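Read the structure below first, then the notes.
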Amino acid sequence: MSPQYQLFEAGVGLRLCFEPVSFFDHIIPYFCQNAAFLPNRNRYPCCFAVATPAAALFCAEAERFGVVTVSPTTLSPGETFTVTANFSCAAQLGVKPEYIDYYIEVPVNNNGFEPPILLARRTLDASSATPLLDQFTTQLPFANYFNSSYVVILDTTYPVNGTNGSPYSVVGGVEIPITIL
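Here is the structure:
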């Protein structure tokens with residue numbers, strides 16, 4: 002393989018370089034780590050830096066609503082716990098949360114006496130560090146808890162465009178199980 006078609010590894014980024022190859026001055030792109038590797042670099046010094054793109058995350062479809070974690074996951078009323086939501090995949094999948102609601106809920110076999118308990122309603126700070134995170138600490142409310150399974154639900158409200166281009170809001174959610182003693 003001739004040098005003008007070789008890919009040289011770079012630590013931070015690559016240089017995209019062009020070299021004329023005929024009297025018509027056509028160009029063929031090739032990559033190099035440093036202009037010193039260029040053949041005829043004095044004749045054709047036209048290089049410019051190209052940043053290497055960040056690796057794309059593998060995101061499950063449900064992660065477009067965020068990924069929620071709770072610590073600790075076994076709680077008693079009055080105990081403090083931390084809830085963290087990561088919206089990196091949401092951003093990658095084009096979801097821009099407007100409102101973020103966190104609930105404690107009985108996901109199945111709810112007898113009607115266990116309404117969802119709102120833990121927090123928040124907005125995502127778009128200037129937060131990447132990955133986009135939302136985190137808060139709260140106390141488990143002194144509510145009537147039954148011998149049942151519970152989850153913390155993250156409901157994400159975000160805008161989409163309608164068929165005529167006007168925006169409207171939709172809600173999607175993810176959950177994580179917790180144990181309430």
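In terms of my numbering, the sequence shown opens at residue 2 and continues consecutively.
Cβ atoms here follow ideal geometry from the backbone N, Cα and C, with glycine treated the same way.
Only a predicted model underlies this, so the values are computations on that prediction, with no experimental measurement involved.
- V175 is the residue among L182, T180, V175 whose C-alpha sits nearest the C-alpha of T85.
- Under the criterion of beta carbons closer than 8 Å, V152 and I177 qualify as touching, at roughly 6 Å.
- When Cβ pairs closer than 8 Å are counted between the two stretches, the stretch 135-146 is seen not to touch the stretch 165-174, the count staying below three.
- Secondary structure at A61: coil, using DSSP grouped into helix, strand and coil.
- Scanning the stretch 138-175 from its first residue to its last, the whole beta strand (DSSP E) runs of 3-plus residues come out as 151-162.
- DSSP, reduced to helix, strand and coil, places S89 within a helical segment of the structure shown.
- Our two residues, V71 and L119, have alpha carbons roughly 15 Å apart in a direct line.
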